[in-house]
Amino acid sequence: MIRHIALNSDFAKKVCGGLEPFLLSLAKSSNPVTLRQCSQIHAKLILSQCISQTHLTNTLLNLYAKFGHLCHAHILFDHMPYKNVVTWTTLISSYLRTGSLPKAFEMFNQMRETNERPNEYTFSVLLRACATPSLWGVGLQIHGLLVRSGLERDRFAGSSIVHMYFNCGNNLGDACHAFHDLLTKDLVAWNVMISGFAHVGDFSMVHRLFSEMWEVQGLKPDDSTFVSLLKCCSYLEQVKQIHGLASKFGAEADVVVGSALVDLYAKCGDVSSCRKVFDSMEEKDNFVWSSIISGHTMNGRGEEAVHFFKDMCRQRIRPDQHVLSSTLKACVELEDLNTGVQVHGQMIKAGYQNDCFVASVLLTLYASFGELVDVDKLFRRIVDKDIVAWNSMIMAHAQPGRGSGPSMKLLQELRRTTSLQIQAATLVVVLKSCENKLDFPVGRQIHSLIVKSSVSHHTLVGNALVHMYSECGQIGDAFKAFIDIVRKDDGSWSSIIGTYKQNGLESEALELCKEMLADGITFTIYSLPLCISACSQLSIIQVGKQLHGFSIKSGYNRHVYVASSIIDMYAKCGTMEESEKVFDEQVEPNEVIYNAVICGYAHHGKAQEAMEVFNKLEKNGLTPNHVTFLAVLSACSHSGYVEDTLHFFTLMLDKYKIKPESEHYACLVDAFGRAGRLEEAYQIVQKDGSESAWRTLLSACRNHNNTEIGEKSAMRMIELNPSDHASYILLSNIYTGEGKWEEALKCREKMAKIRLKKDPGSSWLI
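Quick note on numbering: the sequence shown equals residues 1 to 766 in the UniProt record's numbering.
#1: Please name the residue in THR696, VAL255 and SER579 whose C-alpha comes closest to that of SER564.
#2: Alpha carbon to alpha carbon, how far is ILE541 from GLN586? Give it in angstroms, no decimals.
#3: How many angstroms separate the CA atom of LEU182 from the CA atom of LEU449?
#4: Between LEU328 and VAL288, is the Cβ-Cβ spacing less than 8 Å?
#5: Could you name the residues of the same chain whose beta carbon sits closer than 6 Å to that of TYR500, not counting the 5 residues immediately before and after it, in chain order?
#6: Rounded to the nearest angstrom, what separates CYS16 and GLN40 at their Cα positions?
#7: Smallest Cα separation from PRO529: which of ALA518, GLY520, GLU506 and ASP519?
#8: Determine the direct distance from the alpha carbon of LYS553 to that of GLU588, and round the result to whole angstroms.
#9: Counting C-beta neighbours from all protein chains within 10 Å, is the total for ALA666 16 or more, i.e. buried, or is it exposed?
#10: Count the other C-beta atoms from every protein chain shown that fall within 10 angstroms of the C-beta of ASP386, then say buried if there are 16 or more, exposed otherwise.
#11: Ignore the nearest five residues each way along the sequence and tell me which others in SER433's own chain have a CB closer than 6 Å to its CB.
#12: Give me, in chain order, the residues of the same chain whose beta-carbon lies closer than 7 Å to that of ALA478; leave out the 5 immediate sequence neighbours on both sides.
#13: Compute the Euclidean distance between the alpha carbons of PHE11 and LEU76, then round it to the nearest angstrom.
#14: Helix, strand or coil: how does DSSP classify ASP10 here?
#15: SER272: buried (16+ other C-beta within 10 angstroms of its C-beta) or exposed?
#16: For the alpha helix (DSSP H) that MET281 lies in, which residues bound it at each end?
#17: Per DSSP, what kind of secondary structure is HIS458 in: helix, strand or coil?
#18: Alpha carbon to alpha carbon, how far is TRP764 from GLU371?
#19: Suppose you measure from the CA of LEU69 to the CA of THR90; what does that come to, to the nearest Å?
#20: Return yes when the Cβ of ASN171 is within less than 8 Å of the Cβ of THR225, no when it is not.
#21: SER94: buried (16+ other C-beta within 10 angstroms of its C-beta) or exposed?
#22: As a quick exercise: from LYS687, GLU333 and LEU414, pick the residue whose alpha carbon is nearest that of VAL306.
#23: Round the Cβ separation of CYS599 and MET569 to the nearest angstrom and send it over; I've been treating them as touching at under 8 Å.
#24: What's the call for LYS657, buried or exposed, on a 16-neighbour Cβ count within 10 Å?
#25: So the candidates are VAL125, ASN620, VAL428 and GLU609; which of them puts its Cα closest to the Cα of GLY445?
#26: Could you check where the alpha helix (DSSP H) with CYS513 kicks off and where it finishes?
#27: Locate the alpha helix (DSSP H) running through ASN62, then write down its first and last residues.
#28: Name the residue from LEU60, PHE156, LYS240 and GLU215 whose alpha carbon lies nearest to the alpha carbon of ALA188.
#29: Once DSSP output is grouped into helix, strand and coil, what is the label at THR184?
#30: Assign VAL373 to one of two classes, buried (16 or more other C-beta atoms within 10 Å of its C-beta) or exposed (fewer than that).
#31: Alpha carbon to alpha carbon, what distance is there between TRP214 and VAL277?
#32: Using the C-alpha atoms, what's the distance from VAL262 back to SER159?
#33: My output table needs one value for CYS434: the three-state DSSP class, helix, strand or coil.
#34: Where do the N-terminal and C-terminal ends of the alpha helix (DSSP H) with TRP214 fall, by residue?
#35: Report buried or exposed for ILE483, applying the criterion of at least 16 other Cβ atoms within 10 angstroms of its Cβ.
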């Protein structure tokens, strides 16, 4: 029952002054019409007895449906005394627009039962709704009815047929047949054809159709044409050509074309052109903002991406999940937690706090800062978790030093509580959390799961298995996993070569290097340093020189890890001059390069040169790290520079705030020990207490025949590692040097009692 609603005076004047023009202006307007306004118009039609005028009632019906008042639209439809094809088509298209397909088809059947003949617009909206593989059968039936009605050659309905065939399994032949049957081909029909072939990737056909449309038929391309053409662009030059064409026809200013250009320029790496197009656009929608922000993020310009996000917020444009996700990725890249927290606030404001897509990136950000409590809270709040969210959560807990326990527990929860398909990436993350022999049982379980699943053939998974077995010290199993990889890539070869090299099997690593080359896989910045490092361990300078030559030819000699491995190789092979040459060739050496050359000087006992390079590093504005200090401390201690050793140790603590590790203390103890200042060395060791520092002190006590401190050091070493023979041997040697034969004999007897044996010496010469 429709109640009489008192009309607002201004609104009533407009309605009474000219009902039909006013209704038409409302229908064309993009401004929303409220339910109250629609009801007022409805009441006026009843009071003025215009409700029987079908064209006016159809316009009101369209207003109800267009602005989401579908229930009221249907009530009006049921009470209309006269209905025509426009009435039925309006309601059918409204149901299709809201996704109520069964109701729309039900209305279509009712229309036919009332003998109301569908027109080309009715068929068009139904055919476009059927442009999906699941409704292919229904679409064919609609097409059949269209043929029976004689409208199949109509340009409006015909273009919808073409669209349906393209989208239902790419039926190109039928789509082309329908297109060629059209009596009149307008721009819409040509755009459908161009878009269809662009969608299936037939770019030569797109070019042919565009040329025919423009040059032969004389039709001017519009924004839809250019969007389809831009979909065909695979490299920057093509994008620029289409951009020039769009500018010629004045389509560049269109928001859809502009958005596509911004997106493509960013994907092609041309951030400058991307920015120019963005700045030239008067109207910017969410997709444009998303494209400019994600474009800067993917091109490593996180700061600018964050700037655009803030600019967007200042303009009070509500960010969607794509904008939020891209901005959070920029925060991850910048390691900017504070901005990330602000984006999190905007995410809550926009109502995306439980959105899986955005939350997965936020998980990664918080995890990178070790905020695992926040990570867990965020993850548990996600209502509908997808596999990406689970992967992000597992990765967050697979941090170095945490072992495989937390990530394995999450994997078990994933399998137990969801029906999600476990991906290769999920298993790779868990495998990477297996860091030592204690994690070996977990690694075997994951391997078993991989064999049972459908991801065993993935190269990425095979590489992760090789790495896991290597970390767990299972070289044989690592090699078996390597053999099982069907398509071995550079990562596969690098993993197995690294496994053998890290476990002291350098000769075998170099043999694998030869096999890799024979298999057609050349060196990369990952495999080359491993092979060079194997040469340095074996002191095979000739092979090392060959690898150095390859690095020059390939241009890898300027890469930081390749260059540092070459410097290290020459230093360990005794040719420090070559190391210096490689160092001098580096255009912008970083800390890793400096560390390599300082370590080389330390290896050769050239403390003065090591200190000079250290000073050069500081002058170039670089910050030394714990490896740099270990190298320079080692150089100074081996050369007997006690005061310099103490200076660098203090510099590390006071200026650079680096916490000394046991190796740093061992260098300091070694410096004092070599100088015979054993009391001071003893005081330092008591602060650190590591086994390596005590061993260094005990060795110094043997050299200086200090029995008192030597006994204390030996006793402490035995407490720390009872199975180490070095403490007994060194103490026995101290007693022997002092002529205390009985004490020396007791040491040897104690070794025999607990069945400790000294490792025999070895030589490459024998």
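Glycine residues also receive a C-beta, built at the ideal position from the N, C-alpha and C atoms. Note that the structure is predicted; figures quoted are calculated from it, not measured.
Considering the structure as presented:
#1: If you number the sequence shown from 1, residue 564 lands on position 564. Checked all of THR696, VAL255 and SER579; the closest Cα to SER564 is SER579.
#2: Translated into positions along the sequence shown, residue 586 becomes position 586. Translated into positions along the sequence shown, residue 541 becomes position 541. The straight-line gap from Cα to Cα measures roughly 21 Å.
#3: For the purposes of this step, residue 182 is taken as the residue at position 182 of the sequence shown. For the purposes of this step, residue 449 is taken as the residue at position 449 of the sequence shown. Computed Cα separation, rounded: 57 Å.
#4: If you number the sequence shown from 1, residue 328 lands on position 328. If you number the sequence shown from 1, residue 288 lands on position 288. No, Cβ-Cβ distance for LEU328 and VAL288 is not below 8 Å.
#5: Position 500 of the sequence shown holds residue 500. Contacts found: GLU508 and ALA509.
#6: In the sequence shown, the residue the question calls residue 16 occupies position 16. In the sequence shown, the residue the question calls residue 40 occupies position 40. Note on CYS16: pLDDT 39, under 50, position unreliable in the model; no value is reported.
#7: The residue labelled residue 529 in the question sits at position 529 within the sequence shown. The residue with the shortest Cα to Cα distance from PRO529 is GLU506.
#8: Looking up residue 588 in the sequence shown gives position 588. Looking up residue 553 in the sequence shown gives position 553. Computed Cα separation, rounded: 20 Å.
#9: Taking the first residue of the sequence shown as position 1, residue 666 is located at position 666. Buried, by the Cβ-count rule.
#10: As a position in the sequence shown, residue 386 is number 386, starting the count at 1. By the neighbour-count rule (16 or more Cβ atoms within 10 Å), ASP386 is not buried but exposed.
#11: Position 433 of the sequence shown, counted from the first residue, corresponds to residue 433. Correct list, in chain order: ALA398, SER404 and SER407.
#12: Here residue 478 refers to the residue found at position 478 of the sequence shown. Excluding residues within five positions, the ones whose Cβ falls inside 7 Å are VAL466, TYR469, SER470, ILE496 and THR499.
#13: On the sequence shown, position 11 is the one that residue 11 refers to. On the sequence shown, position 76 is the one that residue 76 refers to. The pLDDT assigned to PHE11 is 47, lower than 50, so where the model puts this residue is not dependable, and the model offers no usable value.
#14: One-based indexing of the sequence shown puts residue 10 at position 10. In this prediction, ASP10 has a pLDDT of 46, which is less than 50 and means its spatial position is unreliable; what the coordinates show is noted afterwards. Of the three classes helix, strand and coil, the one that applies to ASP10 here is helix, per DSSP.
#15: Mapped onto the sequence shown, residue 272 falls at position 272. Answer is exposed; the Cβ neighbour count stays below 16.
#16: Translated into positions along the sequence shown, residue 281 becomes position 281. Premise fails: MET281 is in no alpha helix (DSSP H) and is neither H nor E.
#17: Taking the sequence shown and counting its residues from 1, one reaches residue 458 at position 458. Correct three-state label for HIS458: coil.
#18: Walking along the sequence shown from the start, residue 764 turns up at place 764. Walking along the sequence shown from the start, residue 371 turns up at place 371. Note that TRP764 has pLDDT 48, beneath the 50 cutoff, so the model's placement of it is unreliable and the number below is only indicative. Roughly 51 Å between the two C-alpha positions.
#19: The residue labelled residue 69 in the question sits at position 69 within the sequence shown. The residue labelled residue 90 in the question sits at position 90 within the sequence shown. The amino acid occupying residue 69 in the given sequence is His; Leu does not appear at that position. Rounded to the nearest angstrom, the two C-alpha atoms are 13 Å apart.
#20: Against the sequence shown, residue 225 aligns to sequence position 225. Against the sequence shown, residue 171 aligns to sequence position 171. Not a contact, by the Cβ cut-off of 8 Å.
#21: For the purposes of this step, residue 94 is identified with residue 94 of the sequence shown, where counting begins at 1. When all chains shown are included, SER94 counts as buried.
#22: As a position in the sequence shown, residue 306 is number 306, starting the count at 1. Of the candidates LYS687, GLU333 and LEU414, the one whose C-alpha sits nearest the C-alpha of VAL306 is GLU333.
#23: As a working note, residue 599 is residue 599 in the sequence shown. As a working note, residue 569 is residue 569 in the sequence shown. Actually they are not in contact, since the Cβ atoms of CYS599 and MET569 sit about 12 Å apart, beyond 8 Å.
#24: Here residue 657 refers to the residue found at position 657 of the sequence shown. Counting Cβ neighbours within 10 Å, LYS657 comes out exposed, since fewer than 16 surround it.
#25: Taking the sequence shown and counting its residues from 1, the one referred to as residue 445 is at position 445. According to the sequence shown, residue 445 is Gln rather than Gly. For the residues VAL125, ASN620, VAL428 and GLU609, the minimum Cα distance to GLN445 belongs to VAL428.
#26: Translated into the one-based positions of the sequence shown, residue 513 becomes position 513. First-last of the alpha helix (DSSP H) with CYS513: 506-518.
#27: If you number the sequence shown from 1, residue 62 lands on position 62. Unbroken alpha helix (DSSP H) run through ASN62: 54-66.
#28: The count along the sequence shown starts at 1 and reaches residue 188 at position 188. Residue 188 is actually Val in this sequence, not Ala. That would be PHE156, whose Cα lies nearest to the Cα of VAL188.
#29: The residue labelled residue 184 in the question sits at position 184 within the sequence shown. THR184: coil per DSSP, three-state reduction.
#30: Position 373 of the sequence shown, counted from the start, is the residue given in the question as residue 373. It counts as exposed.
#31: The residue labelled residue 277 in the question sits at position 277 within the sequence shown. The residue labelled residue 214 in the question sits at position 214 within the sequence shown. Going by the C-alpha atoms only, they are around 25 Å apart.
#32: Numbered from 1 along the sequence shown, position 159 holds the residue referred to as residue 159. Numbered from 1 along the sequence shown, position 262 holds the residue referred to as residue 262. Approximately 29 Å between the Cα atoms of the pair.
#33: Within the sequence shown, numbered from 1, the residue matching residue 434 stands at position 434. The answer is coil: DSSP assigns CYS434 none of H, G, I, E or B.
#34: Within the sequence shown, residue 214 is the residue found at index 214, counting from 1. That residue, TRP214, is in no alpha helix (DSSP H); it is neither H nor E in DSSP.
#35: For this step, residue 483 is matched to residue 483 along the sequence shown. It is exposed - the Cβ of ILE483 has fewer than 16 other Cβ atoms within 10 Å.
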